[in-house]
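Protein chains in written order, with my numbering: chain F, 290 to 497; chain H, 290 to 497.
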DNA sequence: TTTGTCATTACCCGACCTGGTAAGTGTTTC
DNA sequence: GAAACACTTACCAGGTCGGGTAATGACAAA
């Protein structure tokens, strides 16, 4: 018997979900809530196999709840329920620790198969979400944007690892002043004025 | 008519792919190569709609080729072909810019549907790959590891944006020396000795 | 009530970083 | 061959940072 917790503020839909799950015979709804404020405690007390979580709920969003739940439980499979095909929210939810998502309009036909897929494969994604995720992973090729020379690239990488000018000079076997010279050029190209700014920009824009 | 380039070092498989694509009637193989050393130039010269790319090839791996191709062409859909269900390589390929992958043993039945899915949806992923990708996005919750206070967290975040001590003090409306005091504690907790080290560690470990 | 933690401020000194300016070598390109 | 570029080194002046030390008030837990 697969245990399931439901978090959904719309009472009608929540009861619909409970009935749908009960009908199938394989699932037992062990908890059903109209908000996720206590979700962390509830999961801790009696961890279910699967959680159905609405994204848009008053008080705390489902995404925040997923983060809190994931912090204390890495096993439970979380399936997000959304009204709209809202790309950014879905991506956020997945980063937070959700394993799948489902549009509410598809619940009646696709919920049971999605849960089974979740349990069997560990994921449940539609092609459109897959595409979005792929796009988010494929860093746009901005490497050439600042047009660093090999040496500059190399020195920026070392700087980003937390090396001081001295250490970089020692590492590359060149003079301290040479390192400074490169770093000046790097700052100019990045349009920054300190090492922290440069490191921040370099890492966030995946220049290293 | 959909144009396709094939990169595959195994001659038998390469010819098989050509025939399979020709048979269907919808596809035209505009190029077929046993290595990807010239891939960049070939794509530049006559960009196809779809590229089939073997991952393991002599000289240059398919993954490197994907990076080079993506740098000059963001439109072409690239489908990777692999012998093994090799998780890490597939993930690398997707990060490099591939839009889908396929096991060679499944080519005969699934190649045509996969290409169509690629063109229609922009992605072609199996659940097992989807799971892997999701797992790679879900950063393990290490936020509590260093046990920062609210203020420390706040100051670290500002530091990571490239702010100087002065700027942080102004931003938070506290004294310069107070900022220094916090940063000393942050360095102690992170076990670092400079701003660049701290920023590097904070961003890479997703502490911000 | 005492101990602990958090948030706050301050000073000193030595080390480090930033910006400006200048100039030497070698390689590639026109 | 000249021009452009990458790589290399150097000095100065002023600003910033890092570590040590010390202190105050607030608030919570023991």
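Even glycine gets a Cβ: it sits at the ideal position worked out from N, Cα and C.
Could you work out which residue in the options is closest to residue i when comparing CA atoms only?
{"i": "residue 441 of chain F", "options": "F:478, F:378, F:426 and F:483", "result": "F:478"}
{"i": "residue 462 of chain F", "options": "F:398, F:475 and F:443", "result": "F:443"}
{"i": "residue 327 of chain F", "options": "F:351, F:364 and F:301", "result": "F:351"}
{"i": "residue 470 of chain H", "options": "H:414, H:445, H:493 and H:410", "result": "H:445"}
{"i": "residue 396 of chain F", "options": "F:366, F:372, F:362 and F:419", "result": "F:372"}
{"i": "residue 361 of chain H", "options": "H:314, H:385 and H:377", "result": "H:385"}
{"i": "residue 365 of chain F", "options": "F:376, F:381 and F:331", "result": "F:331"}
Pull up the DSSP beta-bridge partners for residue i, would you.
{"i": "residue 427 of chain H", "result": "In DSSP, residue 427 of chain H forms no bridge with anything."}
{"i": "residue 413 of chain H", "result": "H:389"}
{"i": "residue 368 of chain F", "result": "F:341 and F:389"}
{"i": "residue 294 of chain F", "result": "F:320 and F:340"}
Can you check whether the CB of residue j is closer than 8 Å to the CB of residue i?
{"i": "residue 296 of chain H", "j": "residue 343 of chain H", "result": "yes"}
{"i": "residue 291 of chain H", "j": "residue 316 of chain H", "result": "yes"}
{"i": "residue 421 of chain F", "j": "residue 403 of chain F", "result": "no"}
{"i": "residue 468 of chain H", "j": "residue 475 of chain H", "result": "no"}
{"i": "residue 425 of chain F", "j": "residue 411 of chain F", "result": "no"}
{"i": "residue 423 of chain F", "j": "residue 383 of chain H", "result": "yes"}
{"i": "residue 414 of chain F", "j": "residue 419 of chain H", "result": "yes"}
{"i": "residue 492 of chain F", "j": "residue 492 of chain H", "result": "yes"}
Determine the direct distance from the alpha carbon of residue j to that of residue i, and round the result to whole angstroms.
{"i": "residue 359 of chain F", "j": "residue 308 of chain F", "result": "27 Å"}
{"i": "residue 503 of chain F", "j": "residue 379 of chain F", "result": "The structure shown has nothing for residue 503 of chain F, since chain F only spans 290 to 497."}
{"i": "residue 450 of chain F", "j": "residue 484 of chain F", "result": "11 Å"}
{"i": "residue 408 of chain H", "j": "residue 368 of chain F", "result": "28 Å"}
{"i": "residue 311 of chain F", "j": "residue 377 of chain F", "result": "32 Å"}
{"i": "residue 394 of chain F", "j": "residue 427 of chain F", "result": "30 Å"}
{"i": "residue 320 of chain H", "j": "residue 437 of chain F", "result": "34 Å"}
{"i": "residue 318 of chain F", "j": "residue 370 of chain F", "result": "16 Å"}
{"i": "residue 398 of chain H", "j": "residue 486 of chain H", "result": "52 Å"}
{"i": "residue 303 of chain F", "j": "residue 439 of chain H", "result": "37 Å"}
{"i": "residue 473 of chain H", "j": "residue 494 of chain H", "result": "19 Å"}
Who are the near neighbours of residue i in its chain, counting only those whose CB is closer than 8 Å to its CB and skipping five residues on each side?
{"i": "residue 490 of chain F", "result": "479, 481 and 496"}
{"i": "residue 324 of chain H", "result": "296, 298, 346, 347, 348 and 349"}
{"i": "residue 374 of chain F", "result": "392 and 417"}
{"i": "residue 465 of chain H", "result": "454, 455 and 458"}
{"i": "residue 300 of chain F", "result": "323"}
{"i": "residue 435 of chain F", "result": "478, 479 and 496"}
{"i": "residue 452 of chain F", "result": "460"}
{"i": "residue 406 of chain H", "result": "389, 412 and 413"}
Among the residues of its own chain, which have a CB less than 6 Å from the CB of residue i, if the five just before and after it don't count?
{"i": "residue 357 of chain H", "result": "329"}
{"i": "residue 313 of chain F", "result": "401"}
{"i": "residue 381 of chain H", "result": "352"}
Can you find the residues in the same chain that come closer than 7 Å, C-beta to C-beta, to residue i, ignoring five residues on each side of it along the sequence?
{"i": "residue 488 of chain H", "result": "448 and 449"}
{"i": "residue 336 of chain H", "result": "362 and 365"}
{"i": "residue 333 of chain F", "result": "361"}
Would you say residue i touches the ligand COA, meaning its beta carbon is less than 7 Å from a heavy atom?
{"i": "residue 296 of chain H", "result": "Absent from the structure shown: the ligand COA. Ligands present: none."}
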